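Under my numbering, the residue at position 474 of the sequence shown is numbered 922, and the numbers go up by one with no gaps.
No residue lacks a Cβ here, since even glycine has one placed at the ideal position from N, Cα and C.
Note that the structure is predicted; figures quoted are calculated from it, not measured.
Take a look at the structure set out below.
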Amino acid sequence: MSIIFLPSVVFLCYNTKHSQSERTVLRKGKKMNRIDRLKQKLFAMDDRTIFLERLEILKISAQKYAGETAGMCFGHTLNELLSNISVVIDPDDLIVGRINEIIPTTDQEADFYGSQHYWRPAWFCATGGTTISWETLLKLGLNGIKKKASNRLSQITDNNPESLIQKDFLTGVMLCCDAIITLANRYAQKAEDLAEEICCSEGTDEHNRQRQAELRGIAEVCRRVPVFPPNTFHEAIQAIWFVDIVLHAVAGARDFALGRLDQYLYPFYADDFRKGRITSEKALELLQCLFIKCNELIGLADYQDAKKRSLCYDSVQYLVLGGQTNDGRDATNPLSFLCIEAGKMKLKQPMLVIRYFDDIDKNFFRQACGLARYGGSVSIYNDGTVIPALLNLGVDMEEARGYVYRGCCNPSIAGKDGSLMMSWHNLPKYLALTLFDGSKFQSFAELFEAFVKQMRYALSSEFARYKHSASKDDQQYTFSLESCFLEGCIENARDWQVGGTKYAHVMHVACAGIATVADSLAAIKKIVFEDKEMSLSELREILSSNFEGNEPLRQKLINRYPKFGNDDDYVDSLAREVCRIFCEEVVKYNNGNYLVRFWPKIYSHLFNRPMGKNTGATPDGRMKGEPISENQSPAYGADKSGVTACLNSMSKLPFSLAPGGGTNLTIHPSMVAGESGIDVLSHLVEGYFQRGGMHLHINVIDKSTLEDAQRYPEKYSTLSVRVTGYSAYFVQLNKDIQVDIIARTEHIY
């Protein structure tokens, strides 16, 4: 059993300046606009850079605030950082805030590696993997959050140990709010200084005068937000970014999601538009600037390679569009469309999550499918399966209708749950344990029941670890920045990690290799118990030898026996039953006395390859060391009956029990080409969802292009592909993952 926790990982930014001449670079005979230049600079980032300023300030803070309580120490340290890190505004910035990183010298490199214990100290770190209540930030501003904490603090009059912890937490909240306000004020002053420099320079041209006006506007925005609630669309985006960059890069953690941005930003856009303060073109430019900022944080390479020394490196930033309102109406609005337009930049972040339901605006859904065809980072979830699954897990209807996703492919109740935890279970490995435990099975039913026992034992062993560590009465006090922005923490005067939020730790428990195990069970059922072509002992021997000397049998198992992904109930029913039992077993361990909630999912992430390397040959014809099946998809190459049959098989999985996970579907460009291509794609997705499917991410690309990108990476630096719960630039992926993506079935008419 493989258990992997991902509360946090690593991060990025650049340190480049652009001269006036660089701003007039011609692209295809035309002068580059602001967004072109920002994108060009983005792809010039160097992953060798490090945020050394943070490390040096943390060294000082470790001595300065040693011995303070958790909230006080965190708040004072954050203030030390945000009062002293460099404040940088680049020539094209409209949304400001970035980390000043440098390529270290040899001495600095040595110092960095000698000071690793300061890089992510226990007394100053974020956990990540959550969606804060952006609505609360925009409604109250930091001053409002401070006031809320102050009012709650005044209600605590006792000085018993619990009360002292509560007081420290609330004091930490107020200190953190003050620290972020300090950063915003420093940016306001920087913008004013830059505007003054332009004013004092000789020969100021029209471009400089325009930039001077922009800088003065930026200063005004930063004086207002995030200290106060925003009044304009620009202010709202800037408020979000100040908090987001501090969470990701300064406190330091990955996978903070942007949530339902089209819902909480739309009132500001609508008000500006109604009053003539903004055009849709200007709003689009601001959104594009925000999207580019998201990519500044994370670097170019895939996080599996760990090229970037950073705390939020390659963070998966989900942004949810569409879906339903609290009362079940279509939530699509004009800002939803603008986000799709911004997605045409084809950057790997943010990941646009489209929530489909029967009454969705059809034009919006068509445009979303068009972006998927175009190669944008689009992931589509079905309200018709996700919401019932959340209800089955005890989430109430209003919260379920407001669901969001966070990386990778994990449902979340925005603003009400804490950091993500995940574990993966290798189902083919449990089948191997069943086959080789020495038992003699008289029927397939006996073998299947023994397999289920192996699976249940693995789950019970995992959950036993939480009986003590997750008890509400046995929690060590800590402080995290995200608790300032999660509902319930201030009211309860508790960090989210010790019960401040309604949903504290949500543990997503995943079954991996579902197609491999279903295909293997089907093969055993047929070849041993129905057709009686061999005994189970003979099959065991063949598997133990990795099919040595039995290649004809292996090919027969691969090509002549039922395979998941071909709309064949013989094997599809086995996949469904295994998933049903797994999911029902997981939720049995939810207990009101523990902070951890267990939510099942059908998902492998990238672990189908390493799991496969540690799994022997399987009865479906897969050889020892080969990957097991990926996510909810058929085994590689097994779906031979076309895309509709493939989707029909997947739609039979019990998604009403498992709201997490995902499906990658690779489609040849010719299948969705021409004027009718988007309609073909949208009807394909709708048909799958109407049959009960949960999720699709579609790669519209042919294998020859990917193979060419392997040979000539310099020609494909911006080629974005879906990996699992995230997108990445194909040429930045390691060879194993590239091979894995190429191996996925390419569907074509």
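Can you name the start and end residues of the alpha helix (DSSP H) that residue i belongs to?
i            : result
residue 661  : 654-672
residue 1026 : 1017-1035
residue 689  : 681-693
residue 565  : 564-567
residue 818  : 810-822
residue 794  : Note, residue 794: premise wrong, no alpha helix (DSSP H); not H, not E.
residue 931  : Segment: none, residue 931 is in no alpha helix (DSSP H) and carries neither H nor E.
residue 1125 : 1125-1138
residue 745  : It is not in any alpha helix (DSSP H) - residue 745 carries neither H nor E in the DSSP assignment.
residue 512  : 500-512
Which of helix, strand or coil does DSSP assign to residue i?
i            : result
residue 1187 : helix
residue 1181 : coil
residue 719  : helix
residue 853  : strand
residue 1009 : coil
residue 872  : strand
residue 765  : coil
residue 925  : coil
residue 532  : helix
residue 1112 : strand
residue 859  : strand
residue 646  : helix
residue 972  : helix
residue 945  : helix
residue 581  : coil
residue 430  : Nothing can be reported for residue 430, as the shown portion of the chain is limited to 449 through 1197.
residue 475  : Because the pLDDT of residue 475 is 44, which lies under 50, any placement of that residue in the model is unreliable, and the question is left without a value.
residue 1080 : coil
residue 606  : coil
residue 1120 : helix
residue 707  : strand
residue 843  : coil
residue 770  : strand
residue 1091 : helix
residue 470  : Interpretation of residue 470 is limited by its pLDDT of 34, a score under 50 that renders its predicted location unreliable; the figure taken from the coordinates is listed afterwards. Three-state result, residue 470: helix.
Buried or exposed: residue i, going by 16 or more other Cβ atoms within 10 Å of its Cβ?
i            : result
residue 677  : buried
residue 545  : buried
residue 1087 : buried
residue 647  : exposed
residue 825  : buried
residue 806  : exposed
residue 1181 : buried
residue 609  : exposed
residue 869  : buried
residue 584  : buried
residue 963  : buried
Taking the alpha carbon of residue i as the point to measure from, which residue in the options has its own alpha carbon closest?
i            : options                   : result
residue 665  : 688, 654, 641 and 648     : 641
residue 1057 : 725, 1184, 965 and 1005   : 1184
residue 499  : 534, 492 and 526          : 534
residue 933  : 615, 485 and 587          : 587
residue 578  : 1045, 1032, 979 and 863   : 863
residue 702  : 839, 597, 763 and 985     : 763
residue 773  : 568, 804 and 1068         : 804
residue 1111 : 1152, 1062, 1013 and 1127 : 1013
residue 730  : 662, 756, 580 and 945     : 662
residue 539  : 853, 909, 638 and 837     : 638
residue 694  : 838, 727, 633 and 526     : 526
residue 556  : 504, 1034, 1135 and 842   : 504
Contact criterion: CB-CB distance below 8 Å. Does residue i meet it with respect to chain D?
i           : result
residue 567 : This model lacks chain D altogether; it includes just one protein chain.
Considering just the uninterrupted stretch of the beta strand (DSSP E) at residue i, what are its terminal residues?
i            : result
residue 802  : 799-804
residue 956  : 953-960
residue 1049 : 1044-1050
residue 987  : Residue 987 -> not in any beta strand (DSSP E); alpha helix (DSSP H) instead, spanning 984-992.
residue 1143 : 1143-1148
Measure the beta-carbon distance from residue i to residue j and round it to whole angstroms, keeping in mind my assumption that it falls under 8 Å.
i            : j           : result
residue 1051 : residue 958 : 4 Å
residue 670  : residue 542 : Not really, about 12 Å apart at Cβ, beyond 8 Å.
residue 711  : residue 779 : 6 Å
residue 781  : residue 675 : About 28 Å separates the two Cβ atoms, so there is no contact after all.
residue 690  : residue 624 : Between residue 624 and residue 690 the Cβ distance is about 12 Å, and since that is not below 8 Å, they are no contact.
residue 574  : residue 700 : 6 Å
residue 1108 : residue 859 : 6 Å
residue 926  : residue 945 : 5 Å
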